[in-house]
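First comes the structure, then the notes that go with it.
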Ligand SMILES: Nc1ncnc2c1ncn2[C@@H]1O[C@H](COP(=O)(O)OP(=O)(O)OP(=O)(O)O)[C@@H](O)[C@H]1O
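In this note's numbering, the protein residues as written are 5 to 262.
Given below as structure tokens:
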């Protein structure tokens with residue numbers, strides 16, 4: 005009998021990391037398994053290490069202890085090109101290259117057709133931005149994208165990631181600094197990419213957390229709870245507390261009946 009199973013991929017394997025040699029560890033023996041094709045939501049208090057996990061998977065830094073792996077291969081044994089082909093990221097502070105909006109989007113995949121480009125532009129809500137710019141796709145973004153707003157830059161990185169369609173997508177939802185429209189574009193992107201690639205999302209919106217296949221709760225650089233939203237909601241652990249806080253904040257209450 006054959007079982008079709010999602011490959012369970014250990015992405016963080018007892019990972020330890022500190023930003024500077026004398027500072028306290030930000031990740032402390034953290035292990036995270038991410039099944040291929042699934043969506044994992046990372047949640048946890050500010051400073052718990054969520055962004056650091058995403059940065060390590062994108063190899064902005066190397067771990068001090070343990071390993072970060074993709075498909076069983078330590079990132080340190082992978083060429084830059086191989087890793088770049090595997091991972092795309094939608095982070096808040098993604099740097100745009102000097103050049104035009106079109107060039108920045110095409111960085112996702114240089115051989116994309118005009119139709120493919122038009123599709124991701126629409127998906128990322130960039131057509132609204134282009135409509136305001138006389139030079140449209142030919143608009144120069146300036147060094148690092150300084151001529152665009154943070155929200156506009158993020159939409160360009162979304163279009164780039166959609167065009168690239170890499171097997172792994174890292175997303176920092178980081179909604180606090182985003183307007184409602186950008187939040188909606190991120191939410192649509194997550195829905196669109198769900199099931200098409202492996203996603204690791206630093207989730208802030210309750211709706212995002214609840215659409216994940218698994219939730220990993222970080223506390224002090226460790227995963228203290230991991231499971232499906234339905235399972236975790238029935239445990240009186242950190243996720244249940246997170247849910248209660250969100251529901252309280254949105255004015256939602258359970259009203260006893262009878
Ligand atoms: N570039 C950096 N240099 C030094 N320390 C850093 C750096 N980035 C983050 N830290 C520290 O590492 C810890 C974890 O930060 P990280 O950004 O991973 O947390 P987070 O869970 O993503 O928080 P938030 O929800 O506020 O974004 C924090 O104590 C933070 O101050």
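Even glycine gets a Cβ: it sits at the ideal position worked out from N, Cα and C.
Here the structure is a predicted model, which means the values were calculated and not measured.
- Per DSSP, reduced to three states, the secondary structure at residue 93 is strand.
- Beta bridge pairing from DSSP links residue 104 with 144.
- Following the DSSP letters along the chain, one finds residue 73 inside the beta strand (DSSP E) bounded by residues 69–74.
- A residue is called buried when at least 16 other Cβ atoms come within 10 angstroms of its Cβ; residue 246 meets this threshold and is buried.
- In the three-state scheme derived from DSSP, where H, G and I count as helix and E and B as strand, residue 177 is classed as coil.
- Rounded to whole angstroms, the Cβ separation of residue 61 and residue 91 is 7 Å, and the two are in contact under 8 Å.
- The region 155–163 makes contact with the region 184–192, as at least three CB pairs between them are under 8 Å.
- With a threshold of 16 other beta carbon atoms within 10 Å, residue 240 falls short and is exposed.
- The Cβ atoms of residue 215 and residue 236 lie no closer than 8 Å to each other.
- The alpha-carbon of residue 93 is positioned some 7 Å away from that of residue 165.
- Partner residues in the beta bridge of residue 226, as assigned by DSSP, are 223.
- 103 is the residue among 103, 234 and 14 whose C-alpha sits nearest the C-alpha of residue 144.
- Boundaries of the alpha helix (DSSP H) harbouring residue 161: 154–168, taken from the DSSP string.
- Annotation: residue 138 is outside any beta strand (DSSP E) and is labelled neither H nor E by DSSP.
- Straight-line spacing of the CA atoms in residue 222 and residue 26 works out to 22 Å.
- Taking 7 Å as the cut-off, one finds at least one heavy atom of ligand 1 near enough to the beta carbon of residue 23.
- Those residues that bring their Cβ nearer than 6 Å to a heavy atom of ligand 1 are 23, 30, 48, 50, 51, 52, 53, 54, 55 and 56.
- Between the beta-carbon of residue 202 and that of residue 40 there is about 6 Å, and that keeps the pair under the 8 Å contact cut.
- Apart from the 5 residues on each side of it in sequence, residue 43 sits with its Cβ closer than 6 Å to the Cβ of 198, 203, 216 and 217 in its chain, given in chain order.
- In this structure residue 98 is in contact with residue 161, their Cβ atoms being roughly 4 Å apart against a cut-off of 8 Å.
- Here DSSP, grouped into helix, strand and coil, assigns residue 200 to coil.
- Contact between residue 45 and residue 238 fails: their C-beta atoms lie close to 17 Å from each other, not under 8 Å.
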